[in-house]
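Q: First the structure, which I've put down as structure tokens, then a few questions once you've had a look.
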Amino acid sequence: MTELIVGGVDFSGAREMPNETWLATGRLDGLGLEIGSVTRVGSHRLPAELLKVPALAAVGLDFPFSLPAEFIRFCAEKSGRKPFQAWQEVVEYLVFTSFDDFSALVKEFARECKRLTDAKYRGMAQSPLHRANPSMIQMTYQGMRFLASLDPGKFRVLPFHDRAAGACAVLEVFPRATLWCLGLPDSGYKGKDKKDAEKTAGVRRDMLNKLIGLRDRNEERWRCCPRLTIDKKLQHQAVESADALDAIVACYTTALWLAAPDRFPDPWECNSEDLLLEGWLYAPDGLRV
Numbered sequence: 162m163t164e165l166i167v168g169g170v171d172f173s174g175a176r177e178m179p180n181e182t183w184l185a186t187g188r189l190d191g192l193g194l195e196i197g198s199v200t201r202v203g204s205h206r207l208p209a210e211l212l213k214v215p216a217l218a219a220v221g222l223d224f225p226f227s228l229p230a231e232f233i234r235f236c237a238e239k240s241g242r243k244p245f246q247a248w249q250e251v252v253e254y255l256v257f258t259s260f261d262d263f264s265a266l267v268k269e270f271a272r273e274c275k276r277l278t279d280a281k282y283r284g285m286a287q288s289p290l291h292r293a294n295p296s297m298i299q300m301t302y303q304g305m306r307f308l309a310s311l312d313p314g315k316f317r318v319l320p321f322h323d324r325a326a327g328a329c330a331v332l333e334v335f336p337r338a339t340l341w342c343l344g345l346p347d348s349g350y351k352g353k354d355k356k357d358a359e360k361t362a363g364v365r366r367d368m369l370n371k372l373i374g375l376r377d378r379n380e381e382r383w384r385c386c387p388r389l390t391i392d393k394k395l396q397h398q399a400v401e402s403a404d405a406l407d408a409i410v411a412c413y414t415t416a417l418w419l420a421a422p423d424r425f426p427d428p429w430e431c432n433s434e435d436l437l438l439e440g441w442l443y444a445p446d447g448l449r450v
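So for the sequence shown, my numbering puts the first residue at 162; every next one is plus one.
Structure, rendered in structure tokens:
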């Protein structure tokens, strides 16, 4: 296959700058995916950092690209406007809505319903309206406003935009879902308690080693998966930081989507008009026993 440049982002909505937003980039070709960079960029620098990546073919970002359709309809009703017809209208609305006003709407709505795509992943995916441990509200709000800032001539946000030659495809990904779908460990690798630091670092080391060794499994179904190559320095970063590891898995998900698109469910087969508002979480299917 032709060499492609791919990216993966673990996104943070935290207000301090730089926050824990990490960008991983790599080269995908017939030999696999070679990670070349894993950097803590902060969400405030992310648009500029993406533009710096030459010929970026696709990037996967780890945050909800939209909100549950039921809540979107509630927002339209509260603002006294006609129902939103498309995702672009929703992100434009958020651009002109303060976080305090958005948070007040979430509180008044008082439910943490999920999008159609969230409900697919056996309770792993939280509602974008989840308010505690961890809170998803600020990350979703900041992430959607980030997407609104992207030039649609250079970045095509799927599935809301059609893909275009020469433009970077932007996908919503969920590293934990990818790991689960690949039959790899997907939990126990995060934690802020210092007494658990050695344990969680060991889990991250095991997860990364198993992802690197995925193609060495002597089974037909893994042959579609790119072989992951990553040098020792970048491996160390992933072991030290769960956010760095998530960025690498986001990058790998994006590479797998480019290399084996038939392994990813087609969002348009869900037969729901809510897709136009809610979006889609891209994760592989049919690889887990």
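Even glycine gets a Cβ: it sits at the ideal position worked out from N, Cα and C.
Give me the Cα-Cα distance between Leu319 and Glu333, rounded to the nearest whole angstrom.
A: The straight-line gap from Cα to Cα measures roughly 8 angstroms.
Q: Take Ser264 and list the residues in its own chain whose beta-carbon comes closer than 7 angstroms to its own, dropping the five residues that flank it on each side.
A: Hits under 7 angstroms: Ile298.
Q: Quick one: any contact between the segment 269 to 279 and the segment 245 to 253, if contact means 3 or more CB pairs under 8 angstroms?
A: Counting Cβ pairs under 8 angstroms, fewer than three are found: no touch.
Q: Within this structure, are the beta carbons of Val202 and Ala185 separated by less than 7 angstroms?
A: No; because the gap between Cβ atoms is not below 7 angstroms, this pair is not in contact.
Q: Taking only three categories from DSSP, how would you classify Asp367?
A: Helix, per DSSP.
Q: Report the option in Asn180, Glu439, Gly344, Leu372 whose CA atom is closest to the CA atom of Ala280.
A: Nearest C-alpha to Ala280: Glu439.
Q: Please classify Glu333: does DSSP put it in a helix, a strand, or coil?
A: Strand, per DSSP.
Q: Between the beta-carbon of Val400 and the beta-carbon of Ala362, is there less than 7 angstroms?
A: Contact flag set, yes.
Q: Take every Cβ of the segment 361 to 379, pair it with every Cβ of the segment 308 to 318, and state whether three or more of those distances are shorter than 8 angstroms.
A: These segments do not touch.
Q: Return the chain-ordered ranges of every alpha helix (DSSP H) run that is complete within the segment 296 to 357 and spans a minimum of 4 residues.
A: List check, alpha helix (DSSP H) in window: 298 to 310, 336 to 342.
Q: For Gly271, does the three-state DSSP call read helix, strand or coil?
A: Going by the sequence as given, residue 271 is Ala instead of Gly. Ala271 falls in the coil class under three-state DSSP.
Q: Who are the near neighbours of Gln303 in its chain, counting only those whose CB is closer than 7 angstroms to its CB and skipping five residues on each side?
A: So the qualifying residues of the chain are Gly174, Ser204.
Q: Please identify the residue among Arg317, Leu228, Tyr282, Arg378 whose C-alpha is closest to the C-alpha of Met305.
A: Ranking the options by Cα distance to Met305, first place goes to Leu228.
Q: In the DSSP assignment, what residue or residues form a beta bridge with Asp190?
A: Partner(s): Gly193.
Q: Of the choices Pro336, Leu189, Glu381, Leu395, whose alpha-carbon is the least far from that of Leu222?
A: The shortest C-alpha separation from Leu222 is found at Pro336.
Q: Residues in its own chain within less than 6 angstroms of Pro225 by CB, not counting five upstream and five downstream?
A: Cβ neighbours of Pro225 beyond the five flanking positions: Pro289, Thr301.
Q: Three or more C-beta pairs closer than 8 angstroms, one from the segment 340 to 349 and one from the segment 229 to 237: is that the case here?
A: No, the segment 340 to 349 is not in contact with the segment 229 to 237.
Q: With DSSP as the reference, label Ala219 as helix, strand or coil.
A: DSSP places Ala219 in strand when its eight states are reduced to three.
Q: Please return the same chain residues whose Cβ sits closer than 6 angstroms to the Cβ of Arg388, not counting the five positions on each side in sequence.
A: Counting only Cβ-Cβ distances below 6 angstroms, and skipping sequence neighbours, we find Gly193, Arg376.
Q: When you compare each of Asp404, Thr390, Phe307 to Arg188 by their alpha carbons, which one comes out closest?
A: Out of Asp404, Thr390, Phe307, Thr390 has the C-alpha closest to the C-alpha of Arg188.
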